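Engineer: Below is one structure. I have some questions about it.
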Amino acid sequence: MKPMASNYVDIHPHVISDDEGRYPPAPLFGKRSDWSQERPSTVDTLIAQMDAAGVDKAAVVHSSTTYGFDNSYVVDACNAYSDRLIAVGSVDVLAPDAVTTIRQWVDRGLAGLRVFTGGSTKEFDPSELDDVRAYPAWDLLGELGLTMCIQTGPVGLPAVVALARRFPNVPIILDHLGRPDVTDGAPYAAAQSLFDIAPVESIYLKLTPRIMGDVKKGGASPESFFPKLVDIFGAQRLAWGSNYPTSEGTLAEIKATAQDRLSCLSEEDLSWIFAKTAQSLYPRLAD
Numbered sequence: 001m002k003p004m005a006s007n008y009v010d011i012h013p014h015v016i017s018d019d020e021g022r023y024p025p026a027p028l029f030g031k032r033s034d035w036s037q038e039r040p041s042t043v044d045t046l047i048a049q050m051d052a053a054g055v056d057k058a059a060v061v062h063s064s065t066t067y068g069f070d071n072s073y074v075v076d077a078c079n080a081y082s083d084r085l086i087a088v089g090s091v092d093v094l095a096p097d098a099v100t101t102i103r104q105w106v107d108r109g110l111a112g113l114r115v116f117t118g119g120s121t122k123e124f125d126p127s128e129l130d131d132v133r134a135y136p137a138w139d140l141l142g143e144l145g146l147t148m149c150i151q152t153g154p155v156g157l158p159a160v161v162a163l164a165r166r167f168p169n170v171p172i173i174l175d176h177l178g179r180p181d182v183t184d185g186a187p188y189a190a191a192q193s194l195f196d197i198a199p200v201e202s203i204y205l206k207l208t209p210r211i212m213g214d215v216k217k218g219g220a221s222p223e224s225f226f227p228k229l230v231d232i233f234g235a236q237r238l239a240w241g242s243n244y245p246t247s248e249g250t251l252a253e254i255k256a257t258a259q260d261r262l263s264c265l266s267e268e269d270l271s272w273i274f275a276k277t278a279q280s281l282y283p284r285l286a287d
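Every letter in the sequence shown is one number past the one before it in UniProt numbering, and letter 134, counting from 1, is 134.
In structure tokens, the structure reads:
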């Protein structure tokens, strides 16, 4: 087997507190995700999983479907392991006080932001993305040098592109690769809307268990999809995220699956996908 990456940075794990008195659930959209109740993982559990899996550092993504816009746990958790973790939180960017709120969370340790437009508990609604009320928040992201993750599907890609063009100095990471349909197989015509955004260089993509599973369905294959993705976007704009514990399995198992699916790529590409891209987006994760 050819060598894999030497460093591993996870750009998409979650943590859930076991102290609901101190960190009470208040899920966005009013419905708590099943995974956060069935497979909760405290920060101590995450660190143990990272140690067992050989994952060096992580950008921990706030669970909006558990805590809404209260980033207290993800910030406190990452501050407790500041040598290995940074916190990516969520703020209501449409709120009149969004700029003040973002500054307050950054002062507490927040290192990145995420907009959650839908997912396991709600259909995607991209209307909040390219909304003028959010522009002051995006201006602040550029001022502070913060990266923004966006959770949306193909329906939201036009709004993502509009934001990227309006705020070109804010790196945008599409969670779960923007959820393309790849099951038709090469040349992946159903995913063309994803490929079409490649010229917008401030948009990056997260490779999570969702795509690792989808490339084994229908006409898709890792060997035909991932080299095409690298050819179009470049490995420097792709980053691995475990989605642990939302996705089932140990972190070591999730990482091993990603290694297997991506083994068709070069060692240099793998070094970007498994670490360097994450470190470029979140410099505090660099060695």
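Quick reminder that beta carbons are idealized off the backbone N, C-alpha and C, glycines included. Small disclaimer: the values here were computed from a predicted structure and weren't measured.
Answer yes if the region 226-238 comes into contact with the region 192-204, meaning at least three C-beta pairs across the two stretches below 8 Å, and no otherwise.
Structural biologist: Yes, since at least three Cβ pairs between the region 192-204 and the region 226-238 fall closer than 8 Å, the two stretches touch.
Engineer: Evaluate the contact criterion for the region 15-32 versus the region 205-223: three or more CB pairs, one atom per stretch, below 8 Å.
Structural biologist: no
Engineer: Can you tell me which of 240, 260, 31 and 132 puts its alpha carbon nearest to the alpha carbon of residue 279?
Structural biologist: In the sequence shown, the residue the question calls residue 279 occupies position 279. Nearest C-alpha to residue 279: 240.
Engineer: Any chance you could list the alpha helix (DSSP H) runs of at least 4 consecutive residues sitting entirely within the region 105-173, in chain order?
Structural biologist: 135-144 and 157-166
Engineer: Can you list the beta strand (DSSP E) stretches of 3 or more residues lying completely in the region 66-105, in chain order?
Structural biologist: 85-89
Engineer: For residue 134, which residues from the same chain have a beta carbon less than 6 Å from its beta carbon, with the 5 sequence-adjacent residues on both sides left out?
Structural biologist: Along the sequence shown, one-based indexing puts residue 134 at 134. Spatial neighbours of residue 134 in its own chain (CB-CB distance under 6 Å, excluding positions within 5 residues in sequence) are listed in chain order as 93 and 94.
Engineer: Going by C-alpha to C-alpha distance, which of 285, 198 and 210 sits closest to residue 258?
Structural biologist: For the purposes of this step, residue 258 is taken as residue 258 along the sequence shown, with counting starting at 1. It is 210 whose Cα lies nearest to the Cα of residue 258.
Engineer: Leaving out the 5 sequence neighbours to the left and right, which residues in its chain are closer than 6 Å to residue 7 when beta-carbon positions are compared?
Structural biologist: Locating residue 7 in the sequence shown gives position 7, where the first residue counts as 1. The beta carbon of residue 7 sits closer than 6 Å to the beta carbons of 56 and 275 from its chain, once the five residues preceding and following it are set aside; these are given in chain order.
Engineer: I'd like to check one pair, residue 81 with residue 43: are the Cβ atoms closer than 8 Å?
Structural biologist: By 1-based counting over the sequence shown, the position of residue 43 is 43. By 1-based counting over the sequence shown, the position of residue 81 is 81. It is a contact, given that the beta carbons lie within the stated cut-off.
Engineer: Thinking C-beta only, is residue 176 closer than 8 Å to residue 114?
Structural biologist: On the sequence shown, residue 114 is found 114 positions in, with the first residue counted as 1. On the sequence shown, residue 176 is found 176 positions in, with the first residue counted as 1. The Cβ-Cβ distance between residue 114 and residue 176 does not fall below 8 Å.
Engineer: With a 10 Å radius around its C-beta and 16 neighbouring C-beta atoms as the bar for buried, classify residue 213 as buried or exposed.
Structural biologist: Here residue 213 corresponds to residue number 213 of the sequence shown, with the count starting at 1. Under this definition residue 213 is an exposed residue.
Engineer: Could you have a look at residue 230 and say whether DSSP puts it in helix, strand or coil?
Structural biologist: In the sequence shown, counting from the first residue as 1, residue 230 sits at position 230. If DSSP states are grouped into helix, strand and coil, residue 230 belongs with the helices.
Engineer: For residue 207, which three-state DSSP category applies?
Structural biologist: As a working note, residue 207 is residue 207 in the sequence shown. Residue 207 falls in the strand class under three-state DSSP.
Engineer: Looking at the structure shown, is residue 44 part of a helix, part of a strand, or coil, going by DSSP?
Structural biologist: Translated into the one-based positions of the sequence shown, residue 44 becomes position 44. Helix.
Engineer: Helix, strand or coil for residue 260, going by three-state DSSP, please let me know.
Structural biologist: Within the sequence shown, numbered from 1, the residue matching residue 260 stands at position 260. In the three-state reduction of the DSSP assignment, residue 260 falls in the helix class.
Engineer: Less than 8 Å between the beta carbons of residue 111 and residue 86, yes or no?
Structural biologist: For this step, residue 111 is matched to residue 111 along the sequence shown. For this step, residue 86 is matched to residue 86 along the sequence shown. The Cβ atoms of residue 111 and residue 86 sit closer than 8 Å to each other.
Engineer: Where residue 10 and residue 265 are concerned, what is the direct C-alpha to C-alpha distance, given to the nearest angstrom?
Structural biologist: If you number the sequence shown from 1, residue 10 lands on position 10. If you number the sequence shown from 1, residue 265 lands on position 265. Approximately 18 Å, taken between the alpha carbons.
Engineer: For the beta strand (DSSP E) containing residue 240, name the first residue and the last one.
Structural biologist: Residue mapping note: residue 240 aligns to position 240 of the sequence shown, counting from 1. It spans 238-240 - the beta strand (DSSP E) in which residue 240 sits, taken as one unbroken run.
Engineer: Can you tell me whether residue 58 is buried or exposed, with buried defined as 16 or more other CB within 10 angstroms of its CB?
Structural biologist: As a working note, residue 58 is residue 58 in the sequence shown. Classification of residue 58: buried, given that the 10 Å Cβ count is 16 or more.
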